[in-house]
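Only one structure is covered here, and it is reproduced in the block below.
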Amino acid sequence: MRTQVKRSLTIVGAFVLVLVGVFALGAFTGEPQGSEGATVAAGETRLVREDSHVLGAEAETGVTFVEFLDFECEGCRAAYPAVEQLREEYAGRVTFVARYFPMPGHVNGERAARAVEAAARQGAFEDMYHRMYRTQGQWGDQQTPHDELFASFAEDLGLDLEQWRADYEDPATAERVAADMADGRALGVQGTPTFFVDGQPLQPRTYDDLTDALDAALTDAPSR
64 MRTQVKRSLT
74 IVGAFVLVLV
84 GVFALGAFTG
94 EPQGSEGATV
104 AAGETRLVRE
114 DSHVLGAEAE
124 TGVTFVEFLD
134 FECEGCRAAY
144 PAVEQLREEY
154 AGRVTFVARY
164 FPMPGHVNGE
174 RAARAVEAAA
184 RQGAFEDMYH
194 RMYRTQGQWG
204 DQQTPHDELF
214 ASFAEDLGLD
224 LEQWRADYED
234 PATAERVAAD
244 MADGRALGVQ
254 GTPTFFVDGQ
264 PLQPRTYDDL
274 TDALDAALTD
284 APSR
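Counting in our numbering, the sequence shown runs from 64 upward without gaps.
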């Protein structure tokens, strides 16, 4: 039986305030006219690229949960516990994918994404992903760049700091973040967090909206 924690007013409130009105997708067709982003290679989609970051292990069912996120977004931080709960509940059955989508006006949003991507180059994507959400109160919603704070996170995680700094400033890292954003815009993403369950956009108001969508996708999975 699911606990009341999963249906907490904090999570539900975050979904209502952040997600309602964010989408203007209408009927989702997958490839709107005028789409941006790089060409989709064989075996890829704009939702999941070969270099997309998977949280945990890939599932053999083929069912995916994709989030376009901004580490500085308070709504993303509020949804983070729910996503973690989903990962625990659906471990081995659903592939969870994180895509960068730092929003304009967030001084540290793009920096945080580059910090996480630089950590990913040393195999520490998920460690830095968690660190960003757990420390958002220290650096989020501020007009001061927090490059050195992010460097301290890399040092705390035991990363090669010189290499991390080089990757953080590498134009290729910024391009990697921008590529995720381009895919998001092509898919109609207008705000964060934006969720896609098995390729379909989802506007959840409760935790059960998320689990219902995943359960339905899993029910359909064997028939593929």
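C-beta: ideal position from N, C-alpha, C; glycine also.
In this structure, the CA atom of residue 266 is about 25 Å from the CA atom of residue 285.
Ranked by Cα distance from residue 262, the first of 101, 107 and 178 is 107. Each of 218, 272 and 171 was checked against the Cα of residue 187, and the nearest Cα belongs to 218. For residue 132, no alpha helix (DSSP H) segment is defined; the enclosing uninterrupted segment is the beta strand (DSSP E) at 127-132. For the 8 Å CB-CB criterion, residue 133 and residue 169 form a contact. Counting along the chain, the unbroken beta strand (DSSP E) around residue 257 starts and ends at 257-260. The alpha carbon of residue 233 has as its nearest neighbour, out of 247, 192, 164 and 184, the alpha carbon of 184. Rounded to whole angstroms, the separation of the alpha carbons of residue 153 and residue 105 is 27 Å. The C-alpha of residue 264 is placed about 12 Å away from the C-alpha of residue 272. The C-alpha of residue 202 lies about 26 Å from the C-alpha of residue 150. For residue 161, the enclosing beta strand (DSSP E) starts and ends at 158-163.
Within the same chain, Cβ atoms closer than 7 Å to the Cβ of residue 276 are found at 260 and 265, the five residues on either side in sequence being excluded.
The Cβ-Cβ distance between residue 112 and residue 249 does not fall below 8 Å. Assignment of residue 264 by DSSP, reduced to helix, strand and coil, places it in the strand class.
Residue pairing by DSSP leaves residue 110 without any beta bridge partner. Shown here, residue 193 sits in a helix according to DSSP, grouped into three states.
Across the set 128, 182 and 213, the C-alpha of 128 shows the shortest separation from the C-alpha of residue 156. With a 10 Å radius around the Cβ and a threshold of 16 neighbouring Cβ atoms, residue 256 comes out buried. Contact annotation, residue 180 with residue 239: C-beta distance approximately 5 Å; criterion of less than 8 Å satisfied. Residue 118 is bridged by DSSP to 159. Sorting 196, 221 and 220 by C-alpha distance to the C-alpha of residue 135 places 196 at the top. Taking the C-beta atoms as reference points, residue 162 is found nearer than 8 Å to residue 243. Under the criterion of beta carbons closer than 8 Å, residue 160 and residue 115 qualify as touching, at roughly 5 Å.
By the Cβ-count criterion, residue 158 is buried, with 16 or more other Cβ atoms from all chains shown falling within 10 Å of its own Cβ.
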